[in-house]
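For the record, the sequence lines run as chains A and B.
1 is the number of the first residue of the first sequence in our numbering; add one for each residue after it.
1 is the number of the first residue of the second sequence in our numbering; add one for each residue after it.
Here is the structure we will look at.
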Amino acid sequence: MIVGKLLERCARQMKQRLGRMTPAQYFKAQGPFTVTAEYEPPAGLAWDDERYAGDAYGSFAWGCNIVELEVDPVTFEVRPLNVTAVAEIGKAIHPMMAIGQIEGGTAQGIGYALTEEVVMRDGRMANAQLTNYIIPTPLDAAPMDIGILENPYQHGPFGAKGVGEMPIDGPAPAVINALRHCGFDVRSIPATPERLMKVPRT
Amino acid sequence: VKLTINGKARTIAAHPMARLLDVIREDCGLTGTKEGCGEGECGACTVLIDGAPVDSCLVPLAHAEGRYVTTIEGAAATRTGKALQNAFVEHGGAQCGICTPGMIMAALTLPDEPTLDDVKTALAGNLCRCTGYSAIYRAVLKLKEAE
Numbered sequence: 001m002i003v004g005k006l007l008e009r010c011a012r013q014m015k016q017r018l019g020r021m022t023p024a025q026y027f028k029a030q031g032p033f034t035v036t037a038e039y040e041p042p043a044g045l046a047w048d049d050e051r052y053a054g055d056a057y058g059s060f061a062w063g064c065n066i067v068e069l070e071v072d073p074v075t076f077e078v079r080p081l082n083v084t085a086v087a088e089i090g091k092a093i094h095p096m097m098a099i100g101q102i103e104g105g106t107a108q109g110i111g112y113a114l115t116e117e118v119v120m121r122d123g124r125m126a127n128a129q130l131t132n133y134i135i136p137t138p139l140d141a142a143p144m145d146i147g148i149l150e151n152p153y154q155h156g157p158f159g160a161k162g163v164g165e166m167p168i169d170g171p172a173p174a175v176i177n178a179l180r181h182c183g184f185d186v187r188s189i190p191a192t193p194e195r196l197m198k199v200p201r202t
Numbered sequence: 001v002k003l004t005i006n007g008k009a010r011t012i013a014a015h016p017m018a019r020l021l022d023v024i025r026e027d028c029g030l031t032g033t034k035e036g037c038g039e040g041e042c043g044a045c046t047v048l049i050d051g052a053p054v055d056s057c058l059v060p061l062a063h064a065e066g067r068y069v070t071t072i073e074g075a076a077a078t079r080t081g082k083a084l085q086n087a088f089v090e091h092g093g094a095q096c097g098i099c100t101p102g103m104i105m106a107a108l109t110l111p112d113e114p115t116l117d118d119v120k121t122a123l124a125g126n127l128c129r130c131t132g133y134s135a136i137y138r139a140v141l142k143l144k145e146a147e
């Protein structure tokens with residue numbers, strides 16, 4: 001919402017500068033030019049760094065996830081059957097790409113919950129290959145239902161808050177809560193079969 | 001080594017153990033084929049040899065002797081290949097784009113009127129980190145429906 005708004009302001013300045021010319025015409029007549037915009041916190045936004053209180057951000061995007069899954073009682077393999085992700089992102093400027101961001105982030109979040117284990121050895125990632133760092137394949141990815149809610153933020157570009165990062169946050173907690181609902185007292189991720197077979201049962 | 005790439009007969013003066021991927025990209029200048037992992041896991045470098053999908057990072061040039069190789073450039077010159085490319089654009093099936101040429105090559109091996117399971121199985125060897133696959137399925141299925 002900050003960089004996007006700066007881009008919007010720069011684009012508007014640029015458009016004004018071009019007047020009635022196309023960028024190509026302007027470039028031919030006047031050569032290149034630069035526009036600059038700098039972030040200023042919106043009025044009324046107060047943050048107290050001493051007490052660490054107040055408005056850390058101008059606005060927040062919100063997300064909600066529901067995961068349905070099944071656990072194989074013999075192999076402890078977990079299969080997500082359906083994943084619902086609803087995101088309130090201010091304004092979906094390009095709805096198709098916004099949905100793509102939510103689907104992609106959700107799939108990564110499910111991988112993070114079930115298979116993606118970073119193994120560190122001597123300060124380095126020991127499994128930095130797709131052979132041993134296991135991300136979801138087409139056969140693993142869960143069917144997804146995506147919902148977008150819009151509550152425009154007046155200081156974001158066209159009301160947008162942002163969508164790229166948030167969708168990865170919710171799926172792993174949702175998967176773990178679903179596993180706890182099934183009676184597996186999981187306290188860490190990824191919930192691999194090896195880990196699941198050792199956790200206390202409730 | 002003599003082989004046919006996208007319908008054109010070529011003689012390649014490279015080491016027989018050169019990766020087919022490097023021959024395609026560097027000797028032939030066909031840079032549509034991408035290198036992802038370089039170890040046969042991700043499928044980004046998928047090309048067709050005699051119509052079957054292979055990871056070109058794992059195929060030594062010598063194995064392609066006398067065979068018909070199709071890359072994404074060759075696919076793009078066909079009606080179905082071009083339609084698949086357009087469907088990926090239309091449905092957001094490509095985000096960063098590295099997996100896209102491989103996805104399209106793998107999708108070319110699908111039968112007519114595929115089910116969602118057929119699509120998942122055909123693309124099972126191709127990893128995508130951006131889309132969560134859903135938009136790719138939509139692109140492939142909508143296109144096949146339209147056909």
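Cβ atoms here follow ideal geometry from the backbone N, Cα and C, with glycine treated the same way.
To the nearest angstrom, how far is the alpha carbon of residue 38 (chain B) from that of residue 60 (chain B)? 13 Å
Backbone CA spacing between residue 17 (chain B) and residue 38 (chain A) [nearest angstrom]: 55 Å
Could you please tell me which residues of the segment 165-199 of chain A, in chain order, have their CB closer than 8 Å to any CB of chain B? none
What in chain A is Cβ-close to residue 130 (chain B), meaning under 7 Å? 104
Along the chain, where does the beta strand (DSSP E) containing residue 55 (chain A) start, and where does it finish? First-last for residue 55 (chain A): undefined, no H or E at that position.
For residue 36 (chain A), tell me which candidate among A:18, A:6, A:46, A:58 has the shortest Cα-Cα distance. A:6
Mind reading off the beta-carbon distance from residue 80 (chain A) to residue 3 (chain A)? Whole number of angstroms is fine, and I expect it under 8 Å. Wrong, their Cβ atoms sit about 33 Å apart, outside the cutoff.
Please list the residues of the segment 132-150 of chain A that have a C-beta atom closer than 7 Å to any C-beta atom in chain B, keeping them in chain order. 135, 137, 138, 139, 141, 144
Beta-carbon separation of residue 159 (chain A) and residue 91 (chain A) under 8 Å? yes
Should residue 82 (chain A) be labelled buried (16 or more other beta-carbon atoms within 10 Å of its own) or exposed? exposed
Contacts around residue 145 (chain A), its chain only, beta-carbon distance under 8 Å, and the 5 residues preceding and following it disregarded: 82, 83, 84, 85
By the three-class DSSP mapping on this structure, what secondary structure does residue 116 (chain A) have? coil
Any idea which residues DSSP pairs residue 55 (chain B) with across the strands? B:46
Kindly indicate if chain A contains any beta-carbon less than 8 Å away from that of residue 124 (chain B). yes
In chain order, which alpha helix (DSSP H) runs of at least 4 residues are fully inside the segment 117-178 of chain A? none
Relative to the alpha-carbon of residue 125 (chain B), which residue among B:138, B:32, B:84, B:104 has its alpha-carbon at the smallest distance? B:104
Check the Cβ-Cβ distances between residue 130 (chain A) and every residue of chain B, and say whether any is below 8 Å. yes
To be precise: take each residue of the segment 33-49 of chain B, compare its Cβ to all Cβ atoms of chain A, and keep it if any distance is under 7 Å. Which residues remain? 37, 39, 41, 42
Assuming residue 144 (chain B) and residue 113 (chain B) are in contact, meaning their beta carbons sit under 8 Å apart, how far apart are those beta carbons, in whole angstroms? 7 Å
Decide yes or no for the touch test of the segment 162-182 of chain A against the segment 50-57 of chain A: beta carbon pairs closer than 8 Å, at least 3 of them. no
Would you give the residue range spanned by the alpha helix (DSSP H) that residue 193 (chain A) belongs to? 193-196
Outcome for residue 2 (chain B) when other beta-carbon atoms lying within 10 angstroms are tallied against a minimum of 16: exposed
For residue 140 (chain B), which residues of its own chain have a beta-carbon under 6 Å away from its beta-carbon, when the five flanking residues on both sides are left out? 107, 119
Pair within 8 Å by beta-carbon distance, residue 162 (chain A) and residue 1 (chain A): yes
Assigned secondary structure, residue 189 (chain A) (DSSP; H/G/I helix, E/B strand, else coil): coil
Hey, could you find the ends of the alpha helix (DSSP H) residue 68 (chain B) is sitting in? Per DSSP, residue 68 (chain B) belongs to no alpha helix (DSSP H); it is in the beta strand (DSSP E), 68-70.
Compute the Euclidean distance between the alpha carbons of residue 74 (chain B) and residue 84 (chain B), then round it to the nearest angstrom. 13 Å
For the alpha helix (DSSP H) holding residue 10 (chain A), just list the boundary residues, first then last. 2-18
Reference residue 102 (chain B); option with closest CA among B:65, B:41, B:68: B:41
At least one CB of chain B closer than 8 Å to the CB of residue 162 (chain A): is that the case? no
If you count every other CB in all the chains shown that lies within 10 Å of the CB of residue 151 (chain A), and 16 or more means buried, which is it? exposed
When the cut-off is 8 Å and only beta carbons count, does residue 85 (chain B) lie next to chain A? no
With distance defined between alpha-carbon atoms, name the residue in B:80, B:57, B:70 nearest to residue 50 (chain B). B:70
Taking contact to mean 3 or more Cβ pairs, one atom from each stretch, closer than 8 Å, check whether the segment 112-120 of chain A and the segment 128-148 of chain A are in contact. yes
Can you give me the start and stop residues for the alpha helix (DSSP H) that residue 86 (chain B) sits inside? 79-90
Which residues, taken in chain order from the segment 25-51 of chain A, show a beta carbon closer than 9 Å to some beta carbon of chain B? none
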